[in-house]
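Take any residue in the sequence shown, note its place counting from 1, add 4, and you have its number in our numbering. Backbone N, C-alpha and C fix where the C-beta goes; we use that ideal spot for every residue, glycine too.
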Amino acid sequence: ANPQSVLAGIDAALTLGPPLWLVIGELAELGPESSVWHRNLGQAARVRGVRRVYATGPATEDLVSGFGAGGCWFHTQNALLDAIAKDLEEGPAVILVKGSRRSRMDRVADALSVKGGDHAHLAH
5 ANPQSVLAGI
15 DAALTLGPPL
25 WLVIGELAEL
35 GPESSVWHRN
45 LGQAARVRGV
55 RRVYATGPAT
65 EDLVSGFGAG
75 GCWFHTQNAL
85 LDAIAKDLEE
95 GPAVILVKGS
105 RRSRMDRVAD
115 ALSVKGGDHA
125 HLAH
C-alpha cells in the first residue's frame with residue numbers, strides 16, 4: 005500500500021456511508037521520509053472525513069499523531085482487534101483495512117469479517 009492507494013480507498017469507502025474507520029498497518033515502502041508521509045496521511049484522513057483510526061506498526065504512530073483525536077495506536081494486532089470489537093458495540097461502521105503486505109493486515113481483515121458480524125462493513 006502507498007499513501008495514494010490509502011486515500012483512494014478512503015474516498016471509495018466513504019461512498020458506503022459514515023462512519024468510516026481506518027484500520028492501518030505500516031506502509032513499508034516509503035523510505036527515509038516515512039515519518040512525514042505517515043503524519044501527512046493521518047492529516048489527510050481526518051480532512052477526508054475518517055472518524056477513527058486504529059493503527060499498528062512503528063511508523064503508524066506518526067499517522068495517529070497527524071490524525072489527532074480519534075486515533076489510537078496499538079502494539080499488537082490483537083490489541084487493535086479487541087479495541088475495534090469494543091467500539092463496534094456502540095454501533096456499525098464502515099471499516100477500511102490498509103497496510104503493506106509486510107504488515108499482514110490481511111489477518112486483521114479476516115478477523116474483522118468474523119468478529120464484526122453485521123456491525124462491520126469491510127472495505128479493503
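Quiz item: Using a C-beta cutoff of 7 angstroms, does PRO23 count as contacting chain C?
Solution: Judged by its chain identifiers, the structure shown contains no chain C, having just a single protein chain.
Quiz item: Between which two residues does the alpha helix (DSSP H) harbouring THR64 extend?
Solution: In the DSSP assignment, THR64 falls within the alpha helix (DSSP H) that extends over 64-71.
Quiz item: So, helix, strand or coil for LEU92, using DSSP?
Solution: In the structure shown, LEU92 sits in a helix (DSSP, three-state: H, G or I).
Exercise. Pull up the distance between the alpha-carbon of LEU26 and that of PRO36, whole angstroms please.
Key: Near 24 angstroms, if we compare the C-alpha coordinates of PRO36 and LEU26.
Quiz item: First and last residue of the alpha helix (DSSP H) that includes VAL40?
Solution: Element bounds for VAL40: 38-52.
Self-check item: Counted within 10 angstroms of its Cβ, other Cβ atoms place HIS79 as buried (16 or more) or exposed
Solution: By the 16-neighbour rule on beta-carbons within 10 angstroms, HIS79 is exposed.
Self-check item: Contact check, LEU24 vs THR60, beta carbons under 7 angstroms
Solution: No.
Practice problem: Go through its chain and collect everything with a Cβ distance to ARG56's Cβ below 6 angstroms, but skip five positions before and after it. | Solution: Here the set comprises TRP25, GLY74.
Exercise. Can you grab the Cα-Cα spacing for the pair ARG105 / GLU94, in whole Å?
Key: Their Cα atoms are separated by approximately 30 angstroms.
Quiz item: Would the beta-carbon of ALA17 fall within 7 angstroms of that of LEU100?
Solution: Yes, Cβ-Cβ distance for ALA17 and LEU100 is below 7 angstroms.
Quiz item: According to the Cβ coordinates, are LEU67 and GLY46 closer than 7 angstroms?
Solution: For LEU67 and GLY46, yes; Cβs fall inside 7 angstroms.
Self-check item: Bounding residues of the alpha helix (DSSP H) (the contiguous stretch that carries GLY13)
Solution: Its alpha helix (DSSP H) spans residues 7-18.
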